[in-house]
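In our numbering, the protein residues as written are 2 to 229. A quick write-up on the structure given underneath.
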Amino acid sequence: MFNRDSALGCEDSHVTSVAFDDDGSVLLHKQFIAPLKALMASAKQAGFTLKVASGYRSFERQQCIWDAKALGRRPVLDGQERPINLMTLTASEQVRAILRWSALPGASRHHWGCDVDVYEASALPSGQPLALTVLETSTIFADFYGWLEEYLAHQENFFRPYYGKNKGAVANEPWHLSYRPLAQQYEKLCDYQAFRQRLISANIQLIDAVLEQLPFIYEHYVAAYFTE
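As structure tokens, this is what we get:
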């Protein structure tokens with residue numbers, strides 16, 4: 002269950018499909034289901050309906066996201082969540098622009114199945130699609146994320162790797178939750194050389210520009226967010 006292939010998103014024996022309601026199912030690490038349900042119950046007691054917008058993602062799924070952004074088929078945003086015209090940037094700049102909000106395949110914490118993006122379902126206006134933006138967290142979801150911050154301050158298992166005092170170069174993501182007991186196991190398996198070789202074999206978009214700066218990327222976009 003804890004092996005390099007699962008850490009890189011290349012196999013999924015560690016996850017299973019879980020349906021929390023009639024809205025569909027999400028893939029999660031088998032050992033993460035009970036803690037997440039307990040978190041949902043705590044949110045419910047506080048008057049919130051915590052839902053998972055995104056759970057496990059495979060290497061292939063993360064590559065689809067990466068390639069689509071590199072090819073201009075999905076928007077790439079700046080630090081203020083405004084669209085960027087990638088054609089005005091060098092290949093190296095394009096890589097870092099995409100990395101602000103999207104991990105390279107093989108480096109996404111979502112590969113582990115114990116990291117999720119969460120939101121408050123009852124606060125989402127009817128007919129309005131979920132965007133998962135910082136603006137949402139300070140407006141329609143402000144009460145929920147305020148409660149979440151208070152809740153997280155009084156326990157040790159859940160934390161937000163991309164929120165607060167940023168240690169690396171990834172944008173703040175208040176919605177991204179990680180389950181420490183499992184995440185720590187996968188962090189130990191995120192070997193730089195294995196990650197590099199997997200990227201080469203997948204031949205992702207912008208691969209040459211990625212490889213040119215991969216040591217920097219690994220340090221500032223991956224390892225910087227490992228638990229201490």
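Cβ atoms here follow ideal geometry from the backbone N, Cα and C, with glycine treated the same way.
Should the segment 150–163 be called in touch with the segment 174–193, which here means at least 3 C-beta pairs below 8 Å?
yes
CB-CB under 6 Å to TRP113, same chain, minus the five flanking residues each way: which ones, in chain order?
TYR187
When the distance is taken between beta carbons, is VAL19 closer than 8 Å to ILE34?
yes
If you drop the 5 nearest sequence neighbours on each side, which residues of the same chain put their C-beta closer than 7 Å to that of PRO36?
ASN158, TYR180
Classify THR17 as helix, strand or coil using the three-state DSSP reduction.
strand
Let me know if ARG217 comes out buried or exposed under the rule of 16 or more other beta-carbons within 10 Å of its beta-carbon.
Here the sequence assigns Phe to residue 217, which means Arg is not the residue at that position. Classification for PHE217: exposed.
Could you please give me the residues that DSSP links to GLY107 through a beta bridge?
Answer is none; GLY107 lacks a bridge partner.
Straight-line Cα distance separating ILE99 from LEU105:
9 Å
When DSSP builds the beta bridges, which residues end up paired with LEU28?
SER18
Under the three-state DSSP convention, the category PHE196 falls into
helix
How about LEU136 and GLU220: are their beta carbons less than 8 Å apart?
no
Just mark LYS70 as buried or exposed, buried being the case when its beta carbon has 16 or more other beta carbons within 10 Å.
buried
Own chain partners of VAL117 with C-beta closer than 6 Å, once the 5 adjacent residues on each side are dropped
VAL53, GLY56, LEU178
Between the C-alpha atoms of MET41 and ARG58, what's the straight-line distance to the nearest angstrom?
21 Å
How many Å lie between VAL211 and VAL16 at the Cα?
29 Å
What are the complete alpha helix (DSSP H) segments, minimum 4 residues, inside the segment 28–78?
34–46, 60–71
Alpha carbon to alpha carbon, how far is GLY165 from THR228?
14 Å
Which partner residues does SER179 have in the DSSP bridge list?
ASP116, PHE160
Between which two residues does the alpha helix (DSSP H) holding TRP148 run?
143–153
Taking only the alpha-carbon atoms, compute the straight-line gap between ARG74 and LEU200 and give it to the nearest angstrom.
21 Å
I'd like to check one pair, ILE141 with PRO130: are the Cβ atoms closer than 8 Å?
no
Does DSSP put PRO126 in a helix, in a strand, or in coil?
coil
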